[in-house]
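Inspection log for the structure reproduced underneath, given as structure tokens.
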Amino acid sequence: MNIGVNIQKARNAAGLTQDEVAKNLGVHHNTIQQYEVGVREPSVTTLIRLADMFGCTVNDFVYEDPILKIVRLRKKLGATQKDVADAMGVTPQMISQWENGVRRGRPKTLNIMLNVLNEIAKERGLEEEA
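Okay, so the sequence shown: first residue is 243 according to our numbering, each after it adds one.
Put into structure tokens, the structure is as follows:
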């Protein structure tokens, strides 16, 4: 679980900068940066305020986003965003947007991505990895 990555994804999805979030919380922008890279963990009160600001729940920060698991698997397989995009019939930019939290992948889309990665694993003789 990486709370910082989830905070960053939620912030990006909300279209806010670190400076805007910091100003809203009344903290220095370095504090937000430290949350996002995992140097510092926000308090429960701060997580609640962030969730309100981003229109999500505290659970969205605490529990790992399925897309993070997919990204880890893609990287472990040595597959590029282009590899996945080509197999799905979408652009690499769409894959990047899903992976960076700019766009939210629907469960069906995430399942397709996982199936694509499973196929890549099979092609590379790494079935047990996926």
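Backbone N, C-alpha and C define an ideal beta-carbon position, used for all residues, glycine too.
ask   = Should G347 and A255 be called a contact, given that it needs their Cβ atoms to be closer than 7 Å?
value = For this step, residue 347 is matched to residue 105 along the sequence shown. For this step, residue 255 is matched to residue 13 along the sequence shown. Cβ atoms of G347 and A255: not closer than 7 Å.
message = Taking the beta carbon of Y277 as the centre, do at least 16 other beta carbons fall within 10 Å, making it buried, or is it exposed?
response = As a first step, residue 277 is located in the sequence shown; it is residue number 35 there, counting from the start. Looking at its Cβ environment, which holds 16 or more other Cβ atoms inside 10 Å, Y277 is buried.
inquiry  = Using 8 Å as the cut-off, can you tell me whether the region 245–254 makes contact with the region 285–303, which would need three or more C-beta pairs spanning the two stretches below that distance?
reply    = yes
task = Check the C-beta distance from V358 over to V313 and give it rounded, since I have them as a contact under 8 Å.
result = Taking the first residue of the sequence shown as position 1, residue 358 is located at position 116. Taking the first residue of the sequence shown as position 1, residue 313 is located at position 71. 13 Å between Cβ atoms; not a contact.
request  = For the region 318–332 and the region 262–275, state whether three or more C-beta atom pairs, one from each stretch, are separated by less than 8 Å.
outcome  = no
message = Using CA atoms only, rank isn't needed, just tell me which of K311, T288, L258 is closest to V269.
response = Within the sequence shown, residue 269 is the residue found at index 27, counting from 1. It is T288.
query = Would DSSP call S338 helix, strand or coil?
reply = Counting from one through the sequence shown, the residue named residue 338 turns up at place 96. It is helical.
inquiry  = Below 8 Å on the Cβ atoms is my contact criterion, and I expect W340 with I309 to pass it. Report the Cβ-Cβ distance as a whole number of Å.
reply    = Within the sequence shown, numbered from 1, the residue matching residue 340 stands at position 98. Within the sequence shown, numbered from 1, the residue matching residue 309 stands at position 67. Between I309 and W340 the Cβ distance is about 6 Å, and since that is below 8 Å, they are a contact.
ask   = Helix, strand or coil for L292 per DSSP?
value = In the sequence shown, counting from the first residue as 1, residue 292 sits at position 50. Helix, per DSSP.
inquiry  = DSSP three-state label for T351, please.
reply    = In the sequence shown, the residue the question calls residue 351 occupies position 109. Correct three-state label for T351: helix.
request  = Within its chain, find whatever has a CB closer than 6 Å to the CB of S338; leave out the 5 residues flanking it on each side and keep chain order.
outcome  = Reading the sequence shown from its first residue, position 96 is the one you call residue 338. Excluding sequence neighbours, S338 sits near Q323.
task = Have a look at K257 and R316 and give me their C-alpha separation to the nearest angstrom.
result = Numbered from 1 along the sequence shown, position 15 holds the residue referred to as residue 257. Numbered from 1 along the sequence shown, position 74 holds the residue referred to as residue 316. Position check: residue 257 holds Gly in this sequence, whereas Lys was assumed. So the alpha carbons of these two residues sit roughly 26 Å apart.
Buried/exposed call for P284, threshold 16 Cβ in 10 Å = Along the sequence shown, read from residue 1 onward, the residue named residue 284 stands at position 42. That one is buried.
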